[in-house]
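Q: Pasting in a structure now, in structure tokens, and then I'll have a few things to ask.
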Amino acid sequence: MTNKDLIAYLHPDLFIPELKAKSKTDAISRMVAHLVEKGRIRDGRIVLETLKTREKLGSTGIGKGVAVPHSRSTVTNTLTLLFARSEEGIDYSAIDDKPVQLFFMILAPHQEKSGEYLPLLGKLVEVTRDANVRKRLLKAPDVDSIAAVLAKAKAR
Amino acid sequence: MNPQLETLIMLQDLDLMIQEVSDQKTASQMTRIGFELNAVESLTAAREELARKINPELLAVYARLMERYQRAIVPVRNNVCLACFLKQPTKYSPTDAKIRWCNHCNRFLYYI
Chain F
1 MTNKDLIAYL HPDLFIPELK AKSKTDAISR MVAHLVEKGR IRDGRIVLET
51 LKTREKLGST GIGKGVAVPH SRSTVTNTLT LLFARSEEGI DYSAIDDKPV
101 QLFFMILAPH QEKSGEYLPL LGKLVEVTRD ANVRKRLLKA PDVDSIAAVL
151 AKAKAR
Chain X
1 MNPQLETLIM LQDLDLMIQE VSDQKTASQM TRIGFELNAV ESLTAAREEL
51 ARKINPELLA VYARLMERYQ RAIVPVRNNV CLACFLKQPT KYSPTDAKIR
101 WCNHCNRFLY YI
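Dropping the structure here:
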């Protein structure tokens with residue numbers, strides 16, 4: 001997947017500039033509520049349950065202040081990416097125990113024609129390995145600026 | 001939404017998650033990306049807990065459909081079943097309290 005492909009998944013409706021949450025479950029729950037509010041899914045409870053169960057396999061807080069909560073679900077028919085930030089950081093039980101500031105929530109249908117679910121997960125992890133990219137994502141004021149940061153991100 | 005259908009969808013999502021992480025190719029791709037995949041058995045325990053909440057007759061239908069189609073609950077958009085692509089009765093609606101089945105392939109319907 002190219003940076004351009006990744007950027008295509010960004011949407012102004014699916015950006016939470018300052019996520020207010022006290023815990024991992026609270027953070028996931030607020031992101032799911034945002035997807036419901038923006039009409040991307042109808043039943044938040046199902047997705048919340050699925051995402052919470054996914055966390056039992058291991059934290060999707062992959063370290064360095066980044067989390068990528070993700071799952072396939074029956075309730076969506078399109079691959080969806082939501083980006084949220086917390087300047088202060090949220091205790092997410094990440095693998096390095098550091099608070100998470102950048103969240104990329106990914107929902108995918110069970111049968112997805114494009115086959116881009118895993119490549120999208122991989123691309124996000126790859127671009128956020130760069131400390132400079134992470135720093136700039138935290139400061140970007142809107143989705144266009146986030147897209148500009150991701151467009152210039154290099155694979156590491 | 002019918003609470004039993006809601007639980008069935010949670011069960012299907014979980015069953016398909018178990019299938020995905022049990023598939024060696026997908027699991028190794030996930031691990032390569034950087035995600036930990038520990039304690040798959042915790043998913044089995046969660047599955048048992050969910051299954052206990054479902055009416056046994058419905059659960060048996062679900063099991064039969066999963067065996068036959070690998071997905072027992074399928075999305076519907078614009079009144080079209082997105083598994084067999086055939087039209088459903090217009091009287092069905094997303095806010096239906098009843099559980100609906102596709103008139104053609106017999107799978108449970110979820111209105112997205």
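Same order as they appear, the protein sequences are chains F and X.
Per the numbering used here, the first sequence starts with residue 1, numbered consecutively.
Per the numbering used here, the second sequence starts with residue 1, numbered consecutively.
All residues carry an ideal CB built from backbone N, CA and C; glycine is no exception.
1) Output yes or no for whether 8 Å exceeds the beta carbon distance between F/Asp-43 and X/Glu-49.
2) So for X/Met-1, helix, strand or coil by DSSP?
3) Using the beta-carbon of each residue, which ones in chain F are nearer than 7 Å to X/Arg-77?
4) Starting from F/Ala-84, follow the beta strand (DSSP E) in both directions and report where the run begins and ends.
5) Assuming F/Gly-122 and F/Ile-95 make a contact with CB atoms under 8 Å, what is their CB distance in whole Å?
6) From which residue to which residue does the beta strand (DSSP E) around F/Met-105 run?
7) Closest by CA to F/Ser-71, which one among F/Ile-46, F/Asp-91, F/Ser-114, F/Tyr-92?
8) Could you work out which residue in F/Glu-112, F/Ala-108, F/Lys-154 is closest to F/Val-125 when comparing CA atoms only?
9) For a cutoff of 8 Å on Cβ pairs, would you count X/Ser-42 as touching chain F?
10) Roughly how many whole angstroms lie between the Cα atoms of F/Gly-115 and X/Leu-59?
11) At which residues does the beta strand (DSSP E) containing X/Tyr-110 begin and terminate?
12) When burial is assigned at 16 or more other CB atoms within 10 Å of the CB, is X/Gln-70 buried or exposed?
13) Which residue's Cα is closest to the Cα of X/Phe-35: F/Glu-55, F/Val-133, F/Phe-103, F/Lys-24?
14) Going by C-alpha to C-alpha distance, which of F/Asp-91, F/Lys-52, F/Leu-107 sits closest to F/Thr-171?
15) Could you check which residue in F/Leu-79, F/Lys-139, F/Glu-87, F/Pro-12 has the C-alpha nearest to that of F/Lys-38?
16) On the premise that X/Tyr-110 lies in contact with X/Ile-54, defined as a C-beta separation below 8 Å, what is that separation, rounded to the nearest angstrom?
17) So is F/Ser-145 buried or exposed if we call it buried at 16+ other beta carbons inside 10 Å?
18) Among the residues of its own chain, which have a CB less than 8 Å from the CB of X/Met-131, if the five just before and after it don't count?
19) Tell me which residue opens and which closes the beta strand (DSSP E) that X/Arg-77 is part of.
20) From X/Trp-113 to X/Pro-94, what distance separates their C-alpha atoms?
21) Does the beta carbon of F/His-110 come closer than 8 Å to any beta carbon on chain X?
22) For X/Arg-52, which three-state DSSP category applies?
23) Which residue's Cα is closest to the Cα of F/Thr-80: F/Pro-109, F/Ser-59, F/Asn-132, F/Ile-16?
A: Answer, in terms of the structure:
1) Sequence index remark: in the first sequence, residue 43 of chain F carries index 43 (1-based). Sequence index remark: in the second sequence, residue 49 of chain X carries index 49 (1-based). Taking 8 Å as the Cβ cut-off, F/Asp-43 and X/Glu-49 do not qualify as a contacting pair.
2) Here residue 1 of chain X is taken as the residue at index 1 of the second sequence, counted from 1. The answer is coil: DSSP assigns X/Met-1 none of H, G, I, E or B.
3) Numbered from 1 along the second sequence, position 77 holds the residue referred to as residue 77 of chain X. Those are Asn-77, listed as they occur along chain F.
4) For the purposes of this step, residue 84 of chain F is taken as the residue at position 84 of the first sequence. Run containing F/Ala-84: 80-90, per the beta strand (DSSP E) assignment.
5) If you number the first sequence from 1, residue 122 of chain F lands on position 122. If you number the first sequence from 1, residue 95 of chain F lands on position 95. So it is not a contact: roughly 17 Å between Cβ atoms.
6) Here residue 105 of chain F corresponds to residue number 105 of the first sequence, with the count starting at 1. Counting along the chain, the beta strand (DSSP E) containing F/Met-105 begins and ends at 100-108.
7) Taking the first residue of the first sequence as 1, we reach residue 71 of chain F at position 71. Among F/Ile-46, F/Asp-91, F/Ser-114, F/Tyr-92, the Cα nearest to that of F/Ser-71 belongs to F/Ile-46.
8) Here residue 125 of chain F is taken as the residue at index 125 of the first sequence, counted from 1. When only C-alpha atoms are compared, the closest one is F/Lys-154.
9) Against the second sequence, residue 42 of chain X aligns to sequence position 42. So, interface residue.
10) Against the first sequence, residue 115 of chain F aligns to sequence position 115. Against the second sequence, residue 59 of chain X aligns to sequence position 59. Rounded to whole angstroms, F/Gly-115 to X/Leu-59 spans 30 Å at the Cα level.
11) Counting from one through the second sequence, the residue named residue 110 of chain X turns up at place 110. From DSSP, the beta strand (DSSP E) with X/Tyr-110 extends over 108-111.
12) Here residue 70 of chain X refers to the residue found at position 70 of the second sequence. Exposed is the call here.
13) Within the second sequence, numbered from 1, the residue matching residue 35 of chain X stands at position 35. The candidate whose alpha carbon is nearest that of X/Phe-35 is F/Glu-55.
14) The structure shown does not extend to residue 171 of chain F, since chain F is modelled only from 1 to 156, so the question has no answer here.
15) Position 38 of the first sequence, counting from 1, holds the residue named residue 38 of chain F. When only C-alpha atoms are compared, the closest one is F/Pro-12.
16) Here the question's residue 54 of chain X lines up with position 54 in the second sequence. Here the question's residue 110 of chain X lines up with position 110 in the second sequence. Not quite, the Cβ-Cβ distance comes to about 15 Å (not below 8 Å), so this is no contact.
17) Stepping through the first sequence from its first residue, residue 145 of chain F is reached at position 145. It is exposed - the Cβ of F/Ser-145 has fewer than 16 other Cβ atoms within 10 Å.
18) Residue 131 of chain X is absent from the structure shown; chain X starts at 1 and stops at 112.
19) Translated into the one-based positions of the second sequence, residue 77 of chain X becomes position 77. Note, X/Arg-77: beta strand (DSSP E), 73-77.
20) No statement about residue 113 of chain X is possible, as the shown extent of chain X runs from 1 to 112 and does not include it.
21) The count along the first sequence starts at 1 and reaches residue 110 of chain F at position 110. Yes - at least one Cβ of chain X is within 8 Å of the one on F/His-110.
22) For the purposes of this step, residue 52 of chain X is identified with residue 52 of the second sequence, where counting begins at 1. Of the three classes helix, strand and coil, the one that applies to X/Arg-52 here is coil, per DSSP.
23) On the first sequence, residue 80 of chain F is found 80 positions in, with the first residue counted as 1. Checking every option, the nearest Cα to that of F/Thr-80 belongs to F/Pro-109.
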